[in-house]
């Protein structure tokens, strides 16, 4: 396998992927319509140039529609030699030849530090080919089935962690309404059975309204929640908490917190305590 890897999309996730691979000796060729400079990345002028330069291309894009648009744009440059690793949470039912899924369980900071999980979907042969790269990104890779399984399990993961964040936000607002100091309340809760990864990671951020720079943007999680609701409808399963979660995220986004860290879900409570009426 070549020591040059392409990355399409160099936002929070793409830049973390680039940093991990660059630190392991890989040369990175990247493209992003917004980002034009990133340490350790040689920038191409378009996606076709990335495919022309690299056998392996990693997609770190906002959603499935952008994935489709990028692949359509680069289609004439995609050959049998290419392996495409898609980290994007999007449509689980649109496989492409030579593509596997490696959706990410964890924030960009966790990925940068090697602490994230990877949910894999796709052909065994292609996953084996990608394994040396996947092992650099995470020591915890789970092959969950055919193409589509990675995207679906990412929704399961994000449902659990997103609802946990919402619980932390509601709990802190409840504590404040009852007259307790928030920092003291958080400290006590983190020492109790009520503690959670979400509470440890986001509790103090919520108290301090510390949303920049984001580890993961609120608007991206709202996109995932909408995918969850669509998948639940297709599977004929009721997810009432996730429906309410969508309302809270939409409210926070409408108040200007879409590009903030997803801890900003607490802003759905702060500015309008009647939001659940």
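Numbering (our numbering), first residue to last: 24 to 300. From the three backbone atoms N, C-alpha and C, an ideal C-beta is built for every residue, glycine too. Predicted, not measured: the structure shown is a model, and the values here were computed from it.
Since residue 134 contacts residue 173 with CB under 8 Å, what's their CB separation in whole angstroms? 15 Å between Cβ atoms; not a contact.
Within the continuous alpha helix (DSSP H) that includes residue 285, where are the two ends? For residue 285, there is no enclosing alpha helix (DSSP H), as DSSP gives it neither H nor E.
Of the listed residues 197, 193, 159 and 123, nearest to residue 167 (C-alpha basis): Checking every option, the nearest Cα to that of residue 167 belongs to 123.
Does residue 18 pass the burial test, meaning 16 or more other C-beta atoms within 10 Å, or should it be called exposed? Only positions 24 to 300 of the chain appear in this structure, which leaves residue 18 out of reach.
Using alpha carbons as the reference points, say which of 108, 263, 89 and 73 lies closest to residue 99. Cα-wise, what sits closest to residue 99 is 73.
What would DSSP say about residue 134, mapped onto helix, strand or coil? Residue 134: helix per DSSP, three-state reduction.
Comparing C-alpha positions only, which one of 85, 272 and 257 sits nearest to residue 31? Put simply, of 85, 272 and 257 the residue whose alpha carbon is nearest the alpha carbon of residue 31 is 85.
Taking the Cβ atom as the reference point for each residue, do residue 52 and residue 67 lie within a distance shorter than 8 Å? Yes. Within cutoff.
Suppose you measure from the CA of residue 292 to the CA of residue 105; what does that come to, to the nearest Å? Computed Cα separation, rounded: 47 Å.
Let me check understanding here. Comparing Cα to Cα, which of 77, 175 and 253 lies closest to residue 107? Residue 77 is the option with its Cα nearest to residue 107.
Residue 176 - DSSP class collapsed to helix/strand/coil: Reduced to three states, the DSSP call for residue 176 is helix.
Any alpha helix (DSSP H) of 4 or more consecutive residues that is wholly inside the segment 81-133: Restricted to the segment 81-133, the alpha helix (DSSP H) segments that are unbroken, complete and at least 4 residues in length are 87-97, listed in chain order.
Quick check on DSSP: helix, strand or coil for residue 191? The answer is helix: DSSP assigns residue 191 an H, G or I state.
Cα-Cα separation, residue 25 to residue 169: Pairing residue 25 with residue 169, the inter-Cα distance amounts to about 26 Å.
Thinking residue 287 and residue 241 are a contact (beta carbons under 8 Å), I'd like their distance in whole angstroms, please. Yes, residue 287 and residue 241 are in contact; Cβ-Cβ is about 5 Å, under 8 Å.
Of the residues 280, 49 and 249, the one placed nearest residue 239, counting alpha carbons only: Measuring from the Cα of residue 239, the nearest candidate turns out to be 280.
Which whole-angstrom value is the C-beta distance of residue 161 and residue 35, which I expect to be below 8 Å? A Cβ-Cβ distance of about 16 Å is found for the pair residue 161 and residue 35, leaving them out of contact under the 8 Å criterion.
Could you tell me if residue 270 is buried or exposed, where buried requires 16 or more neighbouring beta carbons within 10 angstroms of its beta carbon? Burial call: exposed.
8 Å CB neighbourhood of residue 153 in its chain, flanking five on each side removed: By the criterion of a C-beta distance shorter than 8 Å, residue 153 is surrounded in its chain by 79, 106, 108, 123 and 125, once the five residues flanking it on both sides are discounted.
Below 7 Å CB to CB, which residues in the same chain sit around residue 182 once its five sequence neighbours on both sides are set aside? Counting only Cβ-Cβ distances below 7 Å, and skipping sequence neighbours, we find 251 and 265.
Between 225, 210 and 201, which lies nearest to residue 190 when the distance is taken from Cα to Cα? Considering only alpha carbons, the answer is 225.
Let me make sure I understand the geometry here. Which of 213, 211, 176 and 219 has the alpha-carbon closest to that of residue 188? The shortest C-alpha separation from residue 188 is found at 219.
Please report how far the alpha carbon of residue 150 lies from the alpha carbon of residue 121, in whole angstroms. Computed Cα separation, rounded: 10 Å.
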